Structure formats: structure tokens, C-alpha cells
Amino acid sequence: MKQQFSLLSKIAVLSIGAAFAAPAMAQTAGSNIVNLGWFHLAPQDSSETLRINSPAAFAGPVAGTGASVGNADTLGLAFTHFFTDNFAVTTDVGIPPTFKLTGTGTLAGVGEVGKAKQWSPAVIAKWYFGDGNSQFRPFVGAGVSYVWYSDVELSSQFQRTLSTRFAGVPGAKSTADLNSSWAPVLNVGATYNFDKNWSLGFSVAYIPLKTKADITTTLPNNVQVKSSTSLTLNPIVTFLSVGYKF
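Heads up: the sequence shown is residues 830 to 1075, going by our numbering.
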């Protein structure tokens, strides 16, 4: 009987040791991971001079005009599926951040020119280094994002500036539209797996992005002045998140 207990004890010890020695099975083929975290968007921005397109009496560039786009932050959600131990595809979404535009050059005195919400869901193919049981896994990725804008608003100060220039008096109303577009996404980052379910992720993405702003100013006599400019955003996007595998 003592020998049986001794044998059972050895088997139990070996089983516990095997459990601790077993791989974490953190990110293997078939794994699904949801990440929740913080997106920080830092535009590497520039803008073209505002240009009046019509009517002909106003047509031409407005010398010295420009705008700068500020940073933005938002809550982000990512879903990743591993097709192999190393190849995965991630879908990134988030609450649309609000970008604010500030006048530069001859518009510097205007302050805030306008603001808009940016929607930019992305699909990114990633290659993870190491094996599926590695605790630390760097990755590289590339994908595409479709970008569009909502809640585009021009500030009252900027509208007064346009009204004074085109009509000579206040009272004109201006609205703006921002063009939607597809944009490539380049991505690098790493995941640190605490155990088989929980992980911490950090990534940096670069999105070459440009949009055109079309502005319509309706004068008090109902004549409409059409103007436009191009904005280069090229944001660097960082994403710090906590992940859960299921």
C-alpha cells in the first residue's frame, strides 16, 4: 500500500511539473484575440493654399492661407484571428476622434478654423515572429483603411472671415465637405502574453492620407462662392491595449 501511495505521489508531482512546463498556447492557429485600448493620432500635416474656384470674379488663390491639424485620442477595439501560428489578420475600429483645424499664415488670427470626426476602420495582415507559445511576439503588418468624415463644422470666426472677404460685410454662411478615400496602413508592434488568455499590446501605424476640403459660402444675396484646399494628414497612430484570447 505504501508503494502505491508513493507511486501516486510521484505521478502527481510529475503531472504538476508537466503542467508548469507545458506551453502557454498564447497565439496559435485558430486563436481569436480582442484588444481594447487607446488610440493616439498624431498628424504629420500640411495644407495647400485656399483657392477660390467660382464665380470668376473671385477666382484665384488666397495668398498665405493655411491650416494645421491637431492631435486626437480615442477608444479603440481590435479583433485578430490567427490563420497560422505566425500569420494573422486584424480589424481595427474605434470611436471616431474629433480633429480640430487651426489657421496658419494669414489665417493665424482666426484661431480654430473648423473640426470634423474621422472614421477610419482598417484591415491589417500581420506576421508574428517567434512561435505560437512565445511570451513576447513582435510583428509587422500592412493593410488598408477606408477614411471618411462626419460632423464637419466651420467655426464662426472663419465664417466671418470668408464673409468679409467675399461680401465685404458679415452675414454669409459657409459649409464644408471633406472627401473620403482609401489609404494604405503600415504597422509594427509587439504583444506580451501574461498567460494563455491575457496580453498587453503596443503598435505604431503610419497612414499616408490626404483629403480635399470643398467649401461653399452663400452670400446675403444668395450668390454661392466655391473654394477648396487640400489637407495632408499622414497620421502616426499608436495603440496601447489589453488583449483577451478566446
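Where a beta carbon is used, it is the ideal one built from N, C-alpha and C, also for glycine. From a predicted model like this one, the values you see are computed outputs, not experimental measurements.
Boundaries (first-last residue) of the beta strand (DSSP E) holding residue i
i, result
"K1025", "Unbroken run through K1025: none, as it is neither H nor E."
"G866", "N861 to P872"
"F1068", "P1064 to K1074"
"S1003", "K1002 to L1007"
"T1077", "Outside the displayed span of the chain (830 to 1075) sits residue 1077, for which this structure offers no information."
Those residues which DSSP pairs with residue i across a bridge
i, result
"G940", "Paired residue(s): none; G940 is not in a bridge."
Residue i, DSSP secondary structure in three states
i, result
"V1054", "strand"
"G855", "Sequence check: residue 855 is Ala here, not Gly. Three-state DSSP puts A855 in coil, outside helix and strand."
"T1061", "strand"
"T931", "strand"
"L1015", "strand"
"A850", "Low confidence applies to A850: its pLDDT is 38, below 50, so where it sits in the model is not reliable, and the reading given next is rough at best. Looking at A850 - three-state DSSP - the assignment turns out to be helix."
Cβ-Cβ separation, residue j to residue i (assumed contact under 8 Å), whole Å
i, j, result
"A954", "L1007", "Not really, about 28 Å apart at Cβ, beyond 8 Å."
"W867", "L904", "7 Å"
"L1060", "D874", "7 Å"
"Y1035", "L1015", "5 Å"
"Q856", "G961", "5 Å"
"G932", "A896", "6 Å"
"S876", "K1074", "Not a contact, Cβ separation roughly 43 Å."
"G934", "T894", "6 Å"
"V973", "W1011", "6 Å"
"V942", "L983", "7 Å"
"S883", "K1002", "Actually they do not touch by this definition, with Cβ atoms about 17 Å apart."
"N900", "L870", "6 Å"
"V898", "P872", "4 Å"
- Message: For a minimum of 3 consecutive residues, which ranges assigned as the beta strand (DSSP E) are wholly contained in the region 881 to 927?
- Response: 894 to 898, 901 to 911 and 916 to 923
- Message: My parser needs the alpha helix (DSSP H) runs of 4 or more residues fully inside the region 947 to 998; what are they?
- Response: 985 to 996
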